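**Q** Before I ask anything, let me first share the structure, which is written out below as structure tokens.
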Amino acid sequence: MLLEIKKMKDLQNDHIVRFIGACIDPPNLCILTEYCPKGSLQDVLENDQIKLDWMFRYSIMQDIVRGMAYLQGTEVRSHGYLKSTNCVVDSRFVVKITDFGNHHLRGGVRPSEEDEYSYSYFHNKLWTAPELLRTASRPPEGTVKGDVYSFAIICQEIVYRNGVFYLQNMDLSPQEVYHKIKMGLKPYFRPTLEEYDCPCDELAAVIRRCWAENEADRPDFQALKSIIRKLNRDGDKGNILDNLLSRMEQYANNLEALVEERTADYLQQKKKAEDLLYNMLPKKVASQLIRGESVTAEWYDNVSIYFSDICGFTAMSAESTPMQVVDLLNDLYTTFDSIIENFDVYKVETIGDAYMVVSGLPDRNGSIHAREIARMSLSLLKATLTFRVRHRPTEQLKLRIGIHTGPVCAGVVGLKMPRYCLFGDTVNTASRMESNGLPLKIHVSPQCKEVLDTFSTFDLEFRGNIEMKGKGTVKTFWLLGEKNTNDSPGVSLNIL
1 MLLEIKKMKD
11 LQNDHIVRFI
21 GACIDPPNLC
31 ILTEYCPKGS
41 LQDVLENDQI
51 KLDWMFRYSI
61 MQDIVRGMAY
71 LQGTEVRSHG
81 YLKSTNCVVD
91 SRFVVKITDF
101 GNHHLRGGVR
111 PSEEDEYSYS
121 YFHNKLWTAP
131 ELLRTASRPP
141 EGTVKGDVYS
151 FAIICQEIVY
161 RNGVFYLQNM
171 DLSPQEVYHK
181 IKMGLKPYFR
191 PTLEEYDCPC
201 DELAAVIRRC
211 WAENEADRPD
221 FQALKSIIRK
231 LNRDGDKGNI
241 LDNLLSRMEQ
251 YANNLEALVE
261 ERTADYLQQK
271 KKAEDLLYNM
281 LPKKVASQLI
291 RGESVTAEWY
301 DNVSIYFSDI
311 CGFTAMSAES
321 TPMQVVDLLN
331 DLYTTFDSII
341 ENFDVYKVET
351 IGDAYMVVSG
361 LPDRNGSIHA
371 REIARMSLSL
381 LKATLTFRVR
391 HRPTEQLKLR
401 IGIHTGPVCA
411 GVVGLKMPRY
421 CLFGDTVNTA
431 SRMESNGLPL
441 KIHVSPQCKE
451 VLDTFSTFDL
461 EFRGNIEMKG
471 KGTVKTFWLL
481 GEKNTNDSPG
491 VSLNIL
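In terms of our numbering, the sequence shown has 142 at position 142, counting the first letter as 1, and numbering is strictly consecutive.
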């Protein structure tokens, strides 16, 4: 064991992971080696965000060949378990070989019968040469020509970047691949490799030579050094420093592209979040929150509030499926939302079949809030008359509307799901106007009528004195329509 450790300590090469030491006191057995922060070659190849041009890929192959050629000339001789997972990448994007030697320290424990039939067991065999798969008791250090076969499998990974032993248009498990390779039937089973996927036909030919069935037909790593160097004509023009700078420049370009992509994703997500906030809150309030400003509650002397619900909605819901109810409300409120965009109003909320809208806040609009709410109410009622329920096309939807004018306090409530809420007796009164109204009618409070009368365009009819809970007797009115004016086409609703 000490002799093995000395062999490992004596290895010094730019493409071999430096062995630092080992702890051999059970149960604290460990090996300390040089750290390569970029992870394994497999990690790099499977990361789509790292762009690898062919000069870079040739450099990876050259690094592996140089490391293995050096290893071949030492007492260690061969690796035995060469894979893309034990080729690691340092901070300068230089590939180094690790996980070789120290066979006595590693123990060479035979896997259990259960492990021998696991997915990982067969997956780890995909880099192993056929002759070693057929050997009953393979040497732990493997063979030099077996390592050349493993190098060919890694090269195919580098070409396609689709994982180990990529098979185009074939879906085989690692166990099935393992048995096909081990059987050695002609034509010999190998991963996909097409000339048009390689930068030159020579590379495909070299890879095929390296995974030849007969190990005597495979070149050794000393021969591969000159072969790969000739293929990498562009990367071999400069000196080592030029190549290293080229790698680092490409890595920097990858990082810049990644930062740009991440920034674009961030801005897109930020816009989605802002759009969502603008849909939940008035634009003025949402802008304040986005800027990080606190939103204080504000008092409004005069606003107009609209409430509506669907008469008979509970009975209709009981006779409909949940999806039919959802479709009904979605169709209705989509129609309503498209209509209210034409008016200076803000939709406060929808709860079930209840629809609440206000005008005059958060941006004050003088006394036109009542006119905007009245015109909007007429438009919504008109749309309801032609609205058809999908699962009950012959049934007329009965909308009941109430509107009222008065003072309110408005502000944002909550942090996780902020809501813009209105407070005050005006809200309660508007709700009472709706609940004490009639189907397909717009119920107007005296305060709202008083403001509407200043426009001299609205047709209102006295309903009578109505008893309202908590309000006593209230003189209320029906809104029937609006005369044709320069800024309004006029609306008249004759509903019995």
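Using N, Cα and C, we set each Cβ at its ideal position, and we do this for glycine too. None of these values were measured; they are calculated from a predicted model.
Measuring alpha carbon to alpha carbon, tell me which residue in N465, F462 and F458 is nearest N484.
**A** The option with the nearest alpha carbon to N484 is F458.
**Q** Below 7 Å CB to CB, which residues in the same chain sit around H123 once its five sequence neighbours on both sides are set aside?
**A** Result list for H123: P174, in chain order.
**Q** L203 to M61, Cα distance in whole Å?
**A** If I take the Cα positions, the gap works out to 11 Å.
**Q** Would you say the beta carbon of H443 comes nearer than 7 Å to a heavy atom of the ligand SAH?
**A** Looking for the ligand SAH in the displayed structure turns up nothing, as the structure carries no ligands at all.
**Q** Between K182 and R134, which are expected to be in contact by the criterion C-beta below 8 Å, what is the C-beta distance as a whole number of angstroms?
**A** The pair is a contact, with the Cβ atoms about 6 Å apart (cut-off 8 Å).
**Q** Suppose only complete runs of 4+ residues qualify. What are the alpha helix (DSSP H) ranges in the region 316-395, listed by chain order?
**A** Counting whole runs of 4 or more residues, the region 316-395 contains the alpha helix (DSSP H) stretches 322-340 and 368-386.
**Q** Given a cut-off of 8 Å, decide if V94 and V44 are closer than it, judged by their beta-carbon atoms.
**A** Cβ distance not < 8 Å, so V44 and V94 don't count as in contact.
**Q** Report the CB separation of L380 from L479 in whole angstroms; it is logged as a contact under 8 Å.
**A** The pair is not a contact, with the Cβ atoms about 12 Å apart (cut-off 8 Å).
**Q** Quick one: is C87 near chain C, going by C-beta distance under 8 Å?
**A** The displayed structure is made up of one protein chain only, and chain C is not part of it.
**Q** For the candidate residues K475, L438, N465 and P439, whose alpha-carbon lies nearest to that of E450?
**A** The residue with the shortest Cα to Cα distance from E450 is K475.
**Q** Using 8 Å as the Cβ pair cut-off and three pairs as the minimum, do the region 354-361 and the region 303-311 touch?
**A** Yes, the region 354-361 is in contact with the region 303-311.
**Q** Would you decide whether N214 is buried or exposed? Buried here means 16 or more other CB atoms lie within 10 Å of its CB.
**A** N214 comes out exposed.
**Q** Let me make sure I understand the geometry here. Which of M8, R390 and Q49 has the alpha-carbon closest to that of T321?
**A** Checking every option, the nearest Cα to that of T321 belongs to R390.
**Q** What do you get for V326, buried or exposed, if any count of 16 or more other CB atoms within 10 angstroms of its CB means buried?
**A** Exposed, by the Cβ-count rule.
**Q** For M468, report the span of its beta strand (DSSP E) as first-last.
**A** Unbroken beta strand (DSSP E) run through M468: F458 to M468.
**Q** Indicate whether the contact test is met: 3 or more Cβ pairs, each with one atom in the region 259-278 and one in the region 394-402, closer than 8 Å.
**A** Cβ pair count under 8 Å is below three, so no.
**Q** CA-CA distance, G80 and Q49?
**A** So the alpha carbons of these two residues sit roughly 31 Å apart.
**Q** Just the C-alpha distance for R434 and Y420, rounded to the nearest angstrom, thanks.
**A** A small correction: the amino acid at residue 434 is Glu; Arg does not occupy that position in the sequence shown. Taking the straight line joining both Cα atoms gives about 21 Å.
**Q** Excluding the 5 residues flanking V109 on each side, which residues of the same chain have their C-beta closer than 8 Å to its C-beta?
**A** Unreliable placement is indicated for V109, whose pLDDT of 49 sits below 50; the coordinate value is still reported in the next sentence. Nothing meets the Cβ criterion.
**Q** Answer yes or no: do T504 and G406 have a C-beta to C-beta separation smaller than 8 Å?
**A** For residue 504 there is no data in the structure shown, the boundaries of the chain being 1 and 496.
**Q** Just the Cα atoms here: how many angstroms apart are K498 and R229?
**A** Shown here, the chain extends from 1 to 496; a query on residue 498 therefore has no answer.
**Q** Checking 8 Å against the spacing of the C-beta atoms, do H104 and M8 come in under that value?
**A** It is not a contact, given that the beta carbons lie outside the stated cut-off.
**Q** In whole angstroms, what is the alpha-carbon distance linking S470 and C409?
**A** Per the sequence shown, residue 470 should be read as Gly rather than Ser. Answer to the nearest angstrom: the Cα atoms are 20 Å apart.
**Q** Does the separation of the CB atoms of I403 and A374 fall below 8 Å?
**A** Contact flag set, yes.
**Q** Rounded to whole angstroms, what is the Cα-Cα separation between V144 and D265?
**A** Taking the straight line joining both Cα atoms gives about 48 Å.
**Q** Within 10 angstroms of its Cβ, does F462 collect 16 or more other Cβ (buried), or is it exposed?
**A** Under this definition F462 is an exposed residue.
**Q** What's the gap between the Cα of Y121 and the Cα of Y58?
**A** Taking the straight line from one Cα to the other gives about 30 Å.
**Q** With a threshold of 7 Å on Cβ separation, who are the neighbours of R18 within its own chain once the five nearest residues in sequence on each side are excluded?
**A** Within the same chain, R18 has close Cβ partners T33 and E34.
**Q** Counting only runs of 3+ residues fully inside the region 10-86, write out the beta strand (DSSP E) ranges in chain order.
**A** Counting whole runs of 3 or more residues, the region 10-86 contains the beta strand (DSSP E) stretches 19-25 and 28-33.
**Q** For R262, which of helix, strand or coil comes out of DSSP?
**A** Residue state, collapsed to three classes: helix.
**Q** Just mark Y119 as buried or exposed, buried being the case when its beta carbon has 16 or more other beta carbons within 10 Å.
**A** By the neighbour-count rule (16 or more Cβ atoms within 10 Å), Y119 is not buried but exposed.
**Q** Taking the DSSP output, what are the residues bridged to G402?
**A** Partner(s): F307 and H443.
**Q** Just reading off the beta strand (DSSP E) that C421 is part of, what are its end residues?
**A** Residues R419 to F423.
**Q** Assuming E482 is part of the beta strand (DSSP E), what are its boundary residues?
**A** Run containing E482: G472 to E482, per the beta strand (DSSP E) assignment.
**Q** CA-CA distance, M376 and S294?
**A** Straight-line Cα distance between these residues: approximately 32 Å.
**Q** Can you tell which of G101, N47 and I16 has its C-alpha closest to the C-alpha of L3?
**A** Checking every option, the nearest Cα to that of L3 belongs to G101.
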